[in-house]
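Colleague: Below is one structure. I have some questions about it.
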Amino acid sequence: MSLTQDAIETLKGVSTATLTTVLLKKGLRNVWIRNARPIRSGLPRIVGPAFTLRFVPAREDLATPASWGSPISTRAAIEDMPEGAVVVADAMGVADAGIFGDILCFRMARKGVAALVTDGMMRDAAGVHSTDLPVWCNGISAPPSVAGLTFVGWQETIGCGGVAVIPGDIIVVDDDGAVVIPQALLAEVLAEAPEQEAMEAWIMSEVDRGVALPGLYPMNEDTKKRYDAFKEGK
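Take the sequence shown: its letters are residues 44 to 277, numbered as in our numbering.
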């Protein structure tokens with residue numbers, strides 16, 4: 044199933060916390076990208092297909108400022124990024140080099156990239172903020188990427204924050220971080236996740252009116268009947 048605009052709008056209404064629960068029920072435990080936090084508060088929930096980038100440890104003959112002009116460079120990769128993509132960059136959690144700064148982020152924003160997610164660091168914090176590119180990362184580091192990383196390619200399977208990410212996987216990001224939905228499971232998640240949100244909203248309303256948790260969360264058979272009656276009466 045392709046990621047249509049309707050699918051995007053549906054997933055924008057589902058928290059990453061709910062998505063991890065839905066995917067857990069399908070046997071997927073490792074879908075939350077570690078060390079990818081919103082760079083600032085107030086970012087919206089964003090949904091888009093993964094566009095992957097891969098860094099490896101720096102090697103002195105490859106990780107040089109001259110490499111920025113190479114055909115295999117972050118600059119070349121950015122020019123391949125389609126509008127609406129969520130860029131996922133595997134930086135191996137390296138904390139003493141920033142993978143992108145203000146100029147590259149500004150170009151990504153101008154190309155219509157939806158968001159950047161990385162387990163690594165950013166640099167030029169004030170400049171990155173000024174570009175309005177939504178970023179999820181592990182923090183800020185002043186040195187450039189080549190101080191600790193070598194960029195080696197894009198649009199291949201990567202591991203970011205301990206999670207396998209394949210180009211075209213669906214990425215959802217919000218205040219709780221970034222979740223990966225395998226493309227093959229998109230239809231099932233779209234069918235089940237909104238119902239999970241609706242059910243939990245009803246449970247919250249029950250808690251608000253003083254109902255005790257045992258039998259409510261998770262639901263026992265009597266509670267399921269009450270919930271079903273509530274849905275039918277809407």
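Beta carbons: idealized from backbone N, C-alpha and C, even for Gly.
Taking Pro81 as the reference, give the member of Gln239, Lys277, Thr161 with the closest Cα.
Modeller: When each option's Cα is compared against that of Pro81, the closest is Thr161.
Colleague: Determine the direct distance from the alpha carbon of Ile183 to that of Ala168, and round the result to whole angstroms.
Modeller: Rounded to whole angstroms, Ala168 to Ile183 spans 7 Å at the Cα level.
Colleague: Starting from Val99, trace the beta strand (DSSP E) in both directions and tell me its first and last residue.
Modeller: It spans 89-100 - the beta strand (DSSP E) in which Val99 sits, taken as one unbroken run.
Colleague: Taking the C-alpha atoms as reference points, what is the distance between Asn181 and Ala241?
Modeller: Their backbone Cα atoms lie some 32 Å apart in a straight line.
Colleague: Identify, in the order they occur along the chain, each residue of the same chain with its Cβ nearer than 7 Å to the Cβ of Val74, setting aside the five sequence neighbours on each side.
Modeller: The residues are Thr63, Leu66, Val206, Val222, Val223.
Colleague: With distances taken between CB atoms, is the gap from Val131 to Thr95 smaller than 8 Å?
Modeller: Yes, the Cβ-Cβ distance between Val131 and Thr95 is below 8 Å.
Colleague: For Ile142, which option in Gly163, Glu238, Val232, Val254 has the closest C-alpha, if you only look at C-alpha atoms?
Modeller: With distances taken between Cα atoms, Ile142 lies closest to Gly163.
Colleague: Can you check DSSP and say which residues form a bridge with Asp139?
Modeller: Asp139 is not bridged to any residue.
Colleague: Could you tell me the distance, in whole angstroms, from the CA atom of Thr193 to the CA atom of Ala140?
Modeller: The alpha-carbon atoms of Thr193 and Ala140 are separated by roughly 11 Å.
Colleague: I think Val171 touches Gly144, with their Cβ atoms under 8 Å apart; what is that distance to the nearest whole Å?
Modeller: Val171 to Gly144, Cβ: 7 Å. Contact.
Colleague: Does Glu264 have its Cβ less than 8 Å from a Cβ in chain C?
Modeller: Absence of chain C from the displayed structure is noted, only one protein chain being present.
Colleague: Report the rounded CA-to-CA distance for Gly155 versus Ile246, giving the unit in angstroms.
Modeller: About 38 Å.
Colleague: Measuring straight from C-alpha to C-alpha, what distance separates Pro49 and Pro177?
Modeller: A quick correction: the sequence has Asp, not Pro, at residue 49. Cα-Cα distance, rounded: 21 Å.
Colleague: When the Cα of Ala60 is compared with those of Gly220, Ala255, Pro261, which residue comes out closest?
Modeller: If we check each option's Cα against that of Ala60, Gly220 comes out closest.
Colleague: Between the C-alpha atoms of Thr47 and Arg88, what's the straight-line distance to the nearest angstrom?
Modeller: Straight-line Cα distance between these residues: approximately 16 Å.
Colleague: Can you tell me whether Asp251 is buried or exposed, with buried defined as 16 or more other CB within 10 angstroms of its CB?
Modeller: Looking at its Cβ environment, which holds fewer than 16 other Cβ atoms inside 10 Å, Asp251 is exposed.
Colleague: From Ala119, Gly112, Ala230, Arg97, pick the residue whose C-alpha is nearest to that of Ile51; which is it?
Modeller: The residue with the shortest Cα to Cα distance from Ile51 is Ala230.
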